[in-house]
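These notes are about the structure you will find just below.
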Amino acid sequence: MSTNGSKPLLSVDELVVRYPLNRGLVGSLARRPQRFVHAVEGISFSVARGELLALVGESGCGKTTTAQAVLRLVEPVSGRIEFDGREITGLQARALRPLRRRMQLIYQDPYESLDPRLAVRAAVEEPLVIHGLGDSKADRRERVRDALGRVELNPPELFLDRYPHELSGGQRQRVAIAASIVLGPELLVADEPVSMLDVSVRAGVLNLLDRLRKDGLGILMITHDLSTAARFADRIAVMYLGRIVEEGPARSVVNDPQHPYTKALLSVVPRRDPRERSRRQILSGEAPDAVRIPSGCRFNPRCPIAVPECREIDPALEPAGAGAGHRAACIRV
Amino acid sequence: MPAPGAGMSRLLEVEDLNVWFDLDGGRELHAVQGVSFELDPGERLGLVGESGCGKTTTVLGLLGLLPPSASVSGRVLLNGVDIVAGGEETIRPHRWIDIAIVFQGAMNALNPVKTVGSQIVEVLELHGLAEGRQARKRTGELLESVGIPRDRAERFPHEFSGGMRQRAAIAMALACNPGILVADEPTTALDVMVQAQILELLDALCRDFGLALLLVTHDLPVVAELCDRAAVMYAGEIVEHGPVDALYHDPRHPYTRLLFAATPDLYGEGVPASIPGAPPRLDVPLTGCPFHSRCDRVFARCLDERPLLRGLEGARSAACHLNDVGAEVR
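Residue numbers (our numbering), protein chains in the order written: chain A, -2 to 330; chain B, 8 to 337.
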């Protein structure tokens, strides 16, 4: 998965994240066993420089928790996270700080991620000040203008003194991205970066991420939108109940899905062309909550092709399909 | 559905609906600008556009649900009778009874401290449709008609998942057996599989019970999936209206074409492209075509003459000068 045989930029190995459930006073006094939300249950993936990996799945599948763990915003129970060849899982806050600059998060909602009282100039400059970057005020200003240019807010002079409420949604998200890339990060984690934006401006922000990727950034994009993943990702990892159930080159996952969950998900994505009205394979019910994970394959209670063994065997990701690097976790594949 | 003959009234006709909001300083925002459309039994019409285009204001206007700062003009004919002419007095007998609405985020429609069943019973009793045991029996039937087992009636909204809550909101909207259901972004907050379940439910309600659906959404693929016809709104007006197949394959307004081109498709070719610029302000008078500053086919006439929504062949209409000069919109 790495380019030129070099180490991947981000490598996640057997990551596990659990959140303890509140037992309540009665539960604690009765010494009921502690129960957990099994948000992420042993997932592995990597992101190379210049690559966009889309982590897709329905709400509650663990994709946002994964992103937060990668940025060390939540602590994993176990597993390794390596950034640029260095394990960061156990690093203390002080040792982590220089790395924070190199891995940046883009939030879903640019209406909330930008401080309404800060003009664009100050919003994009602030991360430089916090990280002590830029030799002088003039140098920082130059970097701010450069970042605004890279997110295509041109000419930067037109935007420097504007406040968030004077910007459109798409412009706001571009300012938020500028505030991330001004630090010169190598990895961007984008959590649903366009889902709050109007359709007519979404493509612009996604094309911008695509150009940053081509400039060499690694991007981990969290999305529930398979059409967006299909168009913009190099690779797609499909999550279900804390596991990656299928992973591979985007084209191969979309055109030749192997896992029954991926197949069902793809079949229900509405298409632009009414003549392509899908032959939908609608799964009944919703994913169970991540407190009581079904035994065996966690998808078996909803799976249209499950056999009795599926209740026993917890399948691992194995090579599947015709595409290179395409894997699925299903004993029926 | 056979086309109604001459002299017969349609189920719903909205004629030249306008909505203005009073702003500070005596200014007005012209949010809905001369919107007209019709709906027949069993038909599914999409009202599609981006935020601020006036689609939600349109449906709130025709249901008389706008705040006092709004003024409304135009006619809303239900089976030929104008229901907005007399304000709240003439709308109230029809709201929920003939036209019901479900919103995005069904949690807002449901009272969190009452069981789902008791809320539907309340609606039935309030409208004098059933009482006591009869009402509870009808509630069970309504829940089952939207795919919720009737024993769940005793549950509270927070015990339901997002999809179940949206189903419960649909069941409540159907309580008075309305002929028209207005659904405003009914699947926007839902995951794709749950969205598919809700779309399938709406499809079945239209097909099996002749319910007419007015689906308000920003999501073109959802409209393409579910609707027969769609009206595309931009800057407060309908800029194109026609069968969904024609809108995609032969758009007659550049905005329709560009909006489809901006929408990613699972197997689509090419990279989606955004539409540069932003919609015009609606609190100042517009000159020319409201889309001219963003249009890739703009010409001199577009700058000073506002195009009217004009009928074209094939039961469709568009508001674009290109159609007058016989030019290709593509």
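We put the CB at the ideal spot given by N, CA and C, even for glycine.
In this text, all values refer to a predicted model and were calculated from it rather than measured experimentally.
For residue i and residue j, what's the separation of their Cα atoms in angstroms?
i: B:P279; j: A:R299; result: 34 angstroms
i: A:P73; j: A:A321; result: 30 angstroms
i: B:L149; j: A:Y16; result: 38 angstroms
i: A:V288; j: B:P258; result: 49 angstroms
i: B:T294; j: B:P314; result: 10 angstroms
i: B:R17; j: B:A253; result: 23 angstroms
i: A:F42; j: A:L7; result: 8 angstroms
i: B:N25; j: A:L93; result: 58 angstroms
i: B:E161; j: A:V304; result: 35 angstroms
i: B:T63; j: B:D89; result: 20 angstroms
i: B:C60; j: B:L227; result: 14 angstroms
i: B:L69; j: A:V250; result: 45 angstroms
i: B:R51; j: B:C213; result: 8 angstroms
i: B:V332; j: B:I187; result: 38 angstroms
i: B:L81; j: A:S165; result: A small fix is needed here, since residue 81 of chain B is Gly in this sequence, not Leu. Rounded to the nearest angstrom, the two C-alpha atoms are 32 angstroms apart.
i: B:G275; j: B:V246; result: 25 angstroms
i: B:P9; j: B:H101; result: With a pLDDT of only 46 at B:P9, under the threshold of 50, the placement of this residue in the model should not be trusted, and no figure is reported.
i: B:A325; j: A:I290; result: 53 angstroms
i: B:T146; j: B:L208; result: 17 angstroms
i: B:E20; j: B:R99; result: 18 angstroms
Quick one: using the 10 Å Cβ neighbour count with 16 as the cut-off for buried, is residue i buried or exposed?
i: A:V196; result: buried
i: A:N19; result: exposed
i: A:A326; result: buried
i: A:S75; result: exposed
i: B:G12; result: Any answer about B:G12 is weak, because its pLDDT of 48 lies below 50 and its placement is not dependable; what the coordinates show is given next. Per the 10 Å Cβ criterion, exposed.
i: B:D198; result: buried
i: B:H260; result: buried
i: B:E166; result: exposed
i: B:P164; result: buried
i: A:R83; result: exposed
i: A:P152; result: exposed
i: A:R324; result: buried
i: A:N1; result: In this prediction, A:N1 has a pLDDT of 44, which is less than 50 and means its spatial position is unreliable; what the coordinates show is noted afterwards. Exposed, because fewer than 16 other Cβ atoms sit within 10 Å of the Cβ of A:N1.
i: A:E283; result: buried
i: B:M200; result: buried
What residues of chain A sit near residue i, judged by a beta carbon separation below 8 angstroms?
i: B:V239; result: None at all; the shortest Cβ gap to chain A is about 12 angstroms.
i: B:E207; result: R277 and I279
i: B:A325; result: Those do not exist, as B:A325 stays about 18 angstroms from chain A at its closest Cβ, beyond 8 angstroms.
i: B:A285; result: S165
Given that residue i touches chain A, what residues does it touch there, using C-beta distances under 7 angstroms?
i: B:S168; result: E283
i: B:Q204; result: I279
i: B:L266; result: V196 and S197
i: B:D252; result: P271 and R272
Rounded to the nearest angstrom, how far is the Cβ of residue i from that of residue j, given a contact under 8 angstroms?
i: A:V235; j: A:V14; result: 18 angstroms between Cβ atoms; not a contact.
i: A:V191; j: A:A120; result: Going by Cβ atoms, the distance from A:V191 to A:A120 rounds to 19 angstroms, so no, they are not a contact pair.
i: B:T194; j: B:I205; result: 5 angstroms
i: B:V153; j: B:A142; result: Contact flag wrong, Cβ pair sits at about 17 angstroms.
i: A:K60; j: A:I219; result: 5 angstroms
i: B:A231; j: A:R268; result: 6 angstroms
Could you name the residues of chain B that residue i contacts, counting a contact when the two beta carbons are closer than 7 angstroms?
i: A:V267; result: At residue 267 of chain A the sequence reads Pro, which differs from the Val that was named. Going along chain B in sequence order, the residues near A:P267 (Cβ under 7 angstroms) are P228, V229, A231 and E232.
i: A:G201; result: S281
i: A:D270; result: A231 and Y255
i: A:V250; result: Within chain B, no residue comes near A:V250; the closest Cβ sits about 11 angstroms away, beyond 7 angstroms.
Show which residues of chain B have a CB atom less than 9 angstroms away from the CB atom of residue i.
i: A:N19; result: Result: empty, since nearest Cβ-Cβ is about 16 angstroms, beyond 9 angstroms.
i: A:A227; result: P271, D272, L273, Y274 and G275
Determine the chain B residues that contact residue i at a beta-carbon separation under 8 angstroms, and present them in chain order.
i: A:L12; result: None at all; the shortest Cβ gap to chain B is about 23 angstroms.
i: A:D195; result: E57, S58 and H225
In the DSSP output, what is residue i paired with across the bridge?
i: A:F80; result: A:L7 and A:R83
i: A:Q101; result: A:L185
i: B:L239; result: Reading the sequence as shown, one finds Val at residue 239 of chain B and not Leu. Partner(s): B:V55 and B:E247.
i: B:R159; result: Paired residue(s): none; B:R159 is not in a bridge.
i: B:H37; result: B:W27
i: B:M200; result: Answer is none; B:M200 lacks a bridge partner.
i: A:H35; result: A:R15
i: A:F296; result: A:F296 is not bridged to any residue.
i: A:P316; result: A:R324
i: B:S78; result: B:W27
i: A:R276; result: For A:R276, which the question treats as bridged, DSSP gives no partner whatsoever.
i: A:Y237; result: A:R240
Output, in chain order, the set of chain A residues within a Cβ distance shorter than 9 angstroms of residue i.
i: B:D210; result: Within chain A, no residue comes near B:D210; the closest Cβ sits about 10 angstroms away, beyond 9 angstroms.
i: B:E278; result: The displayed chain sequence assigns Val, not Glu, to residue 278 of chain B. In chain order: A200, L203, N204, D207, R228 and F229.
i: B:V199; result: E55, H221, D222, L223, L262, V265, V266 and P267
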